[in-house]
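A quick write-up on the structure given underneath.
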Amino acid sequence: MNRNVPAIMAIMLTIAITAIFIGNVLAEPARSFAEEKCVYLTFDDGPSDRVTPAVLDVLKEENVKATFFIIGSNAKRRKDILKRACGEGHTLAVHSYSHDYSQIYSSPEALLADIQKCNEVIEEITGEPSRVYRFPGGSFTVAPELKKAVTDGGFRYFDWNASFRDSELPDASPEELYKNAVSTVANPKRVVMLAHDSTNKSATACALKKVILYFKDRGYSFGTL
Ligand SMILES: [Zn+2]
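Structure (structure tokens):
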């Protein structure tokens, strides 16, 4: 027997394991690749009667998908808008049912009940509950036990690292919002962009096309969370 057989077998085994490993990595969503520039457009606090459809129109025109962190109580009379978003390939994710900080942040149980109620709306539209969550106001100041309740409940939560700043600056023009969006990018490889599609955010819908073109011009792909 060739004395090199064990060595050759060891090399072949190593190659096979490496191939399996690479295969698994490649099977991951595109967002796991640091070298691919990706922007995740996210819209909080909708749906609303005029702004959400205007946002959807721009996304459709530009063939870009986004993630909508919805408020369940806003959705009651606007399920057709969410059905449209879902039908056009966007992701519906949990933000809150009530968006009432004093209520939802009062205890882990209250928070999970609010999430569940919002998720019932999503499930009615999409056929399945979402596992993607955004804390109202962001997770930055949320108590550790509340974050733990969310992750233990099977959710992944996302903050943002770029923003239209349309919440802090309600009177900003579309041009200002565009400048905010592109100048607040903290991680140029993986941009999670915060914007709002609530009732008074028509300037956001107006600014959106220019923001999308900015990232397209720089070779970004667009992902959903
Ligand atoms: Zn919100």
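Quick note on numbering that gives the first Met the number 0: the sequence shown kicks off at 0 and runs consecutively. For glycine and all other residues, C-beta sits at the position ideal for the given N, C-alpha and C.
Query, Result
"Looking at ligand 1, does it come within less than 8 Å of D48, judged from the CB to the closest heavy atom?", "no"
"Measuring CB to CB, does T150 end up less than 9 Å from V54?", "no"
"Tell me the rounded alpha-carbon separation between S47 and S220.", "27 Å"
"Just checking D196 against ligand 1 - is the residue's beta carbon closer than 8 Å to any of the ligand's heavy atoms?", "no"
"Near G152, which residues of its chain fall below 8 Å by C-beta distance, leaving aside the five closest residues on each side in sequence?", "L111, I114"
"Could you give the uninterrupted runs of the beta strand (DSSP E) lying entirely in the segment 45-115, keeping only those of 3 residues or more?", "66-70, 90-95"
"In this structure, does DSSP put F154 in helix, strand or coil?", "coil"
"In whole angstroms, give me the CA-to-CA distance for K147 and N118.", "18 Å"
"Would you mind giving the Cβ-Cβ distance between V141 and F157, rounded to the nearest angstrom? I have them listed as a contact below 8 Å.", "The pair is not a contact, with the Cβ atoms about 13 Å apart (cut-off 8 Å)."
"Below 6 Å CB to CB, which residues in the same chain sit around E27 once its five sequence neighbours on both sides are set aside?", "A caution first: E27 carries a pLDDT of 38, below 50, which makes its placement in the model unreliable, though a value can still be read off. None."
"For F221, does the three-state DSSP call read helix, strand or coil?", "strand"
"Cβ of P169 versus every heavy atom of ligand 2: is any distance shorter than 8 Å?", "The model on display carries ligand 1 but not ligand 2."
"Write down the C-beta distance between R164 and N179 rounded to the nearest angstrom, noting that I regard them as a contact closer than 8 Å.", "4 Å"
"Cβ of H94 versus every heavy atom of ligand 1: is any distance shorter than 8 Å?", "yes"
"Here's the rule: buried if 16 or more other CB atoms are within 10 angstroms of the residue's CB, otherwise exposed. What is D79?", "exposed"
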